[in-house]
Every structure is written in C-alpha cells, then in structure tokens.
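In this note's numbering, the protein residues as written are 1056 to 1395.
All C-beta atoms in this analysis are idealised placements derived from N, C-alpha and C, irrespective of residue type, glycine included.
Notes for the one structure printed next.
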C-alpha cells in the first residue's frame, strides 16, 4: 500500500469526532479552519460552537456589528482573524451575492484566507485535488520523506508542498488533508511522537535513520519586541474611563482602560501620574511581541490628554470586547475592590 492509502485507512479508524467533519458547508468549514488556525482543538472547540450558534450563516455574520464579532472572539487571541472573517462575510454577501466560493483560487481572494485554508475548504467542498499545508503536515511529510531543508525556508516549503501534492489522494483529497492534520496532531507530534505504534514506522525515513527529533528543521526568524503598557484605571462615580484601540496595532477594535506606553518599565507613577498605586501586573507573550502590563489605580489624571475617552458604567464593562488581559483584570479581586 502507498502512503495515501495507509493514511486514509488510519484516518477511517482514528479520525476525531469534530462538529464540522461531516459537513460540506463551506461557511462552517471556513469558520472552523480560521478558529483553529492558531488555536488547539481542545481550547478552541467551545469558541467555535458559540460562534456558529451566534452567526449560523455568512449572511448573519455580514450583518453583525464588529464589536459583536470581536466579543464572540474574546479569549481566542489574534483578533485580526475575527476582523478578516467579518470583512470577508460582507464581501461575499455584497459582492458575490451571498454565494460562498469553493474553489482554491476564488477562496484566496477572501481577506485572511491563505493557501492552507483555501486548499482545505476547496478539497472538502469541491473535491479539488490540492494539498493543505500547515505545521502538522510539514512535520509528517518532512519526517516520512526525509526533507532536510528548513520547512520555513522557500526551498523546504516548496519540497514539502511538492511531496504532499504528489501523494495526495485524487479520489478523497479532503479526507487526505484532514487525515494528515489529525495524524500530525495525535501521532507524529512535535515532541515524543508515538513512533512505536505508528503505521509508517517501517517506511518513515526519520524513524529508520534515528532523526525524528531533528526533523523538521526550522530557521528561527522571530524577533521579539518588548513593550511596556501602563493602563490607568480612572473611576468617576459608577463609570470607568475606557478607550477603543485604533487600527494598526495589537488588539485593534478592542476596549481597554486609558493607556500610557512607556519606553522602559515604570517602577512608579511619575510626573502627572503621581497620585496612584500599582493594582496588578503581568506579561502577555504574543507571536512577535512581549507585552509588560501594569495596571495603575489613578486619581489625579488630566483626561483631556487622552483621545476618544468613553465613560463606561461598571455594570456594563462585561459587555465590551476586550483582550484576555483586560478580561482577567475585570474579574480580579483587586479590580473588584477598586470599583465597589
């Protein structure tokens, strides 16, 4: 049996029971792929279910307000995914008369849809024979066929894509793509893969050559930027001063307390922020940024120095779309003591 046949046989016996697996609805599959693009299945499944319940069709999503979409996405991170979903839904409804594209080339025209998601949706919904390449697929293919180039380099990426497309099932391309993803996430894992019980252990290049731990090769390209966010908590009666983040930065479109970003870590409130105390602090690690967060309770602040300030009732704060860090602040004992 060849690679594709063995993989599909394994998939038939081991595929995960996921709510979109038996669907050929491109909208549902698109939402699923975007949710799980940078989120583990276990973590993202409740979000996916709630999102589909709230926005069951592309029409409903297109008509929704951005704040409502961001609120449903709250806790998943990488909020550009939600904004791109909303933008593309409106494009489908307004420009494509509500007809959801299902071919690879047409799907690539949707904002936020790259080669992986386009190939996944097209292979499942249109039976288009094209391999969907994500990290799981790179790992399985490079180990099995012994790809020695870095998979995040142009040469390595091209080699993996060529091998996957060469060996994809021409009759069941959708199942093949989903099988590779499942196999990579459950068997051929990054660390401690289950090689002893693997259906490919007799033919896998990396296993036969004792190179499993060294493949896939990757070039470290990420340069992490440090930033220092000082959130200033100002209360007036039963309201708290809040701002909506603008475009071009992290957490776009989400709400936050007033922000003062410093070049270095602030040990205490200085100058015009002299009256106040540190309420809470933490660190948020993003893909290319490390955010050092401090939350200060402030009493003597010149609000005029801050743009687009909104006074939000304490009882309504939970309705705002916010980052996970701000959500955790609002639910903390320190914040509850401050506002009660």
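Range covered by the alpha helix (DSSP H) that runs through residue i
| i | result |
| --- | --- |
| residue 1212 | 1209 to 1222 |
| residue 1082 | 1081 to 1090 |
| residue 1128 | 1121 to 1128 |
| residue 1321 | Here residue 1321 belongs to no alpha helix (DSSP H), and DSSP marks it neither H nor E. |
| residue 1065 | 1058 to 1069 |
| residue 1148 | 1135 to 1150 |
| residue 1093 | Taken as a continuous stretch (DSSP letters only), residue 1093 belongs to no alpha helix (DSSP H), as it is neither H nor E. |
| residue 1114 | 1113 to 1118 |
| residue 1239 | 1228 to 1241 |
| residue 1263 | 1260 to 1263 |
| residue 1170 | 1170 to 1180 |
| residue 1392 | 1388 to 1394 |
| residue 1160 | 1159 to 1162 |
| residue 1252 | Run containing residue 1252: none; DSSP gives neither H nor E here. |
| residue 1206 | From DSSP, residue 1206 is part of no alpha helix (DSSP H); its letter is neither H nor E. |
Boundaries (first-last residue) of the beta strand (DSSP E) holding residue i
| i | result |
| --- | --- |
| residue 1351 | 1344 to 1353 |
| residue 1315 | 1310 to 1317 |
Close Cβ partners of residue i (< 7 Å) along its chain, the five nearest in sequence each way excluded
| i | result |
| --- | --- |
| residue 1354 | 1330 and 1331 |
| residue 1059 | 1222, 1223, 1224 and 1231 |
| residue 1368 | 1293 and 1294 |
| residue 1110 | 1116 and 1119 |
Same chain, Cβ closer than 6 Å to residue i, five either side skipped, listed in chain order
| i | result |
| --- | --- |
| residue 1075 | 1083, 1084 and 1087 |
| residue 1376 | 1122, 1125, 1126, 1129 and 1309 |
| residue 1196 | 1215, 1218 and 1219 |
| residue 1307 | 1300 |
| residue 1210 | 1204 |
| residue 1172 | 1088 |
Residues that residue i bridges to, as DSSP identifies them
| i | result |
| --- | --- |
| residue 1337 | 1348 |
| residue 1295 | 1290 and 1367 |
| residue 1281 | 1345 |
| residue 1331 | 1353 |
| residue 1377 | 1310 |
Reference residue i; option with closest CA among the options
| i | options | result |
| --- | --- | --- |
| residue 1131 | 1314, 1257 and 1380 | 1380 |
| residue 1278 | 1252, 1117 and 1345 | 1345 |
| residue 1183 | 1166, 1061 and 1220 | 1220 |
| residue 1236 | 1095, 1256, 1202 and 1125 | 1095 |
| residue 1350 | 1070, 1378, 1288 and 1357 | 1288 |
| residue 1394 | 1142, 1301, 1337 and 1291 | 1291 |
| residue 1138 | 1204, 1059, 1383 and 1309 | 1309 |
| residue 1286 | 1313, 1066 and 1273 | 1313 |
| residue 1186 | 1223, 1207 and 1061 | 1223 |
| residue 1311 | 1248, 1378, 1210 and 1322 | 1378 |
| residue 1388 | 1324, 1062, 1334 and 1303 | 1334 |
| residue 1073 | 1208, 1375 and 1233 | 1233 |
| residue 1200 | 1247, 1173 and 1256 | 1256 |
| residue 1128 | 1090, 1195, 1318 and 1360 | 1090 |
| residue 1207 | 1167, 1272 and 1252 | 1272 |
| residue 1280 | 1321, 1339 and 1324 | 1339 |
| residue 1168 | 1196, 1136, 1065 and 1152 | 1136 |
| residue 1166 | 1375, 1145 and 1077 | 1145 |
| residue 1320 | 1357, 1336 and 1149 | 1336 |
| residue 1341 | 1170, 1301 and 1305 | 1305 |
| residue 1352 | 1323, 1360, 1383 and 1371 | 1323 |
| residue 1373 | 1390, 1078, 1359 and 1274 | 1390 |
| residue 1097 | 1071, 1079 and 1107 | 1071 |
| residue 1239 | 1260, 1198, 1210 and 1274 | 1198 |
| residue 1092 | 1106, 1133, 1079 and 1383 | 1133 |
Nonlocal neighbours in the same chain, by C-beta distance under 8 Å from residue i, ignoring five residues either side
| i | result |
| --- | --- |
| residue 1155 | 1081, 1082, 1085, 1113 and 1147 |
| residue 1282 | 1316, 1344, 1345, 1346 and 1347 |
| residue 1061 | 1254 and 1255 |
| residue 1141 | 1116, 1117, 1119, 1121 and 1124 |
| residue 1318 | 1283 |
| residue 1153 | 1113, 1114 and 1147 |
| residue 1274 | 1205, 1207 and 1208 |
Chain D contact for residue i (CB, 9 Å cutoff)
| i | result |
| --- | --- |
| residue 1330 | In the displayed structure, chain D is absent; only one protein chain is listed. |
ask   = Okay, do the segment 1226 to 1241 and the segment 1175 to 1193 touch, 3+ Cβ pairs below 8 Å being the bar?
value = Yes: at least three Cβ pairs fall under 8 Å.
task = Could you say if the segment 1258 to 1276 and the segment 1096 to 1108 meet the contact criterion of at least three C-beta pairs nearer than 8 Å?
result = With a cut-off of 8 Å, the segment 1096 to 1108 and the segment 1258 to 1276 do not count as touching, because too few Cβ pairs lie within range.
key: Contact between the segment 1160 to 1171 and the segment 1114 to 1122 (3+ Cβ pairs under 8 Å)   = Under the Cβ criterion (8 Å, minimum of three pairs), the segment 1160 to 1171 does not count as touching the segment 1114 to 1122.
ask   = Would you call the segment 1363 to 1380 and the segment 1294 to 1311 in contact, with 3 or more CB pairs under 8 Å?
value = The count of Cβ pairs closer than 8 Å, one atom from the segment 1363 to 1380 and one from the segment 1294 to 1311, reaches three, so the stretches are in contact.
ask   = Does the segment 1246 to 1265 come close enough to the segment 1203 to 1219 to have 3 or more Cβ pairs within less than 8 Å?
value = With the rule of 3 Cβ pairs closer than 8 Å, the segment 1246 to 1265 does not count as touching the segment 1203 to 1219.
query = Contact between the segment 1190 to 1197 and the segment 1237 to 1256: three or more CB pairs below 8 Å?
reply = Counting C-beta pairs closer than 8 Å gives three or more between the segment 1190 to 1197 and the segment 1237 to 1256, which meets the contact rule.
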